[in-house]
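My numbering applies: residue 126 is where the sequence shown begins, and numbers increase by one. Cβ coordinates follow ideal geometry from the N, Cα and C atoms, glycine included. Written below as structure tokens is the structure these notes are about.
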Amino acid sequence: MSVVNNNAERRRFLSGAFMTFGITLGLGTLGGRFIQFLMPDVAEKKFSEILLGRVDDFKGSSAKFVDVAGKQVALLETDQGFSAFSRKCTDLGCLISWDDSKDQFICPCHQGVFDRNGKNIAGPPPRPLDRFEVVKKGENIYIKVEVA
Ligand code: FES
Numbered sequence: 126m127s128v129v130n131n132n133a134e135r136r137r138f139l140s141g142a143f144m145t146f147g148i149t150l151g152l153g154t155l156g157g158r159f160i161q162f163l164m165p166d167v168a169e170k171k172f173s174e175i176l177l178g179r180v181d182d183f184k185g186s187s188a189k190f191v192d193v194a195g196k197q198v199a200l201l202e203t204d205q206g207f208s209a210f211s212r213k214c215t216d217l218g219c220l221i222s223w224d225d226s227k228d229q230f231i232c233p234c235h236q237g238v239f240d241r242n243g244k245n246i247a248g249p250p251p252r253p254l255d256r257f258e259v260v261k262k263g264e265n266i267y268i269k270v271e272v273a
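Right, dumping it as structure tokens:
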């Protein structure tokens with residue numbers, strides 16, 4: 126009779142110990158995630174400026190293309206100044222070209238179309254073209270790129 130009670134007590138003790146361990150582990154993990162959510166690891170981004178060329182080289186309504194420092198850039202003069210986009214189509218990464226007659230960027234791979242603001246307006250591209258920040262210093266134009 127007492128052996129049965131000891132076994133039952135031992136099982137109850139072990140069951141409680143495992144449950145307590147499990148709850149503690151679960152709450153610890155949850156608490157860690159909550160703290161991570163409240164204080165995300167925000168590393169300060171670093172940027173560098175890459176020279177594209179002289180302002181006069183990019184005047185006009187047509188887009189101009191520049192390959193610089195591993196970036197393929199489409200630069201376009203607008204009423205608000207210059208806009209710079211990545212030439213990589215946001216569908217599968219083909220290089221876009223410019224159609225003067227339609228005033229649009231065209232992707233030759235699957236006929237994706239972007240307006241002069243880089244917005245996807247036809248075809249499969251799921252989002253606008255990636256944009257670079259343009260910096261104009263004197264007679265030169267630069268784009269800002271994130272440095273790893
Ligand atoms: S890769 Fe440009 S439309 Fe598909």
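Just to check, is the beta-carbon of residue i closer than 7 Å to a non-hydrogen atom of the ligand FES?
i, result
"residue 176", "no"
"residue 218", "yes"
"residue 76", "Not covered by the structure: residue 76. The range shown for the chain is 126 to 273."
"residue 165", "no"
"residue 243", "no"
"residue 156", "no"
"residue 185", "no"
"residue 206", "no"
"residue 195", "no"
"residue 237", "yes"
Go through its chain and collect everything with a Cβ distance to residue i's Cβ below 8 Å, but skip five positions before and after it.
i, result
"residue 178", "191, 265 and 266"
"residue 256", "208, 209, 210, 211 and 243"
"residue 247", "236, 237 and 238"
"residue 251", "215, 216 and 245"
Check the DSSP bridge columns for residue i and list the partner residues they point to.
i, result
"residue 176", "267"
"residue 229", "224"
"residue 171", "272"
"residue 184", "Answer is none; residue 184 lacks a bridge partner."
Mapping DSSP to helix, strand and coil, what is residue i?
i, result
"residue 201", "strand"
"residue 247", "strand"
"residue 155", "helix"
"residue 142", "helix"
"residue 218", "coil"
"residue 237", "strand"
For the beta strand (DSSP E) that residue i lies in, which residues bound it at each end?
i, result
"residue 256", "256 to 262"
"residue 191", "189 to 193"
"residue 209", "206 to 211"
Excluding five sequence neighbours on each side, which residues of the same chain lie with their C-beta closer than 6 Å to the C-beta of residue i?
i, result
"residue 234", "219"
"residue 138", "none"
Just to confirm my understanding: we take residue i, look at its own chain, exclude 5 residues before and 5 after, and list those with CB closer than 7 Å. What are they?
i, result
"residue 258", "268 and 269"
"residue 231", "221, 222, 224 and 238"
"residue 217", "234"
Report yes if the C-beta of residue i is less than 7 Å from at least one heavy atom of the ligand ATP; otherwise report no.
i, result
"residue 248", "In the structure on display, the ligand ATP does not appear, and the ligands it does have are the ligand FES."
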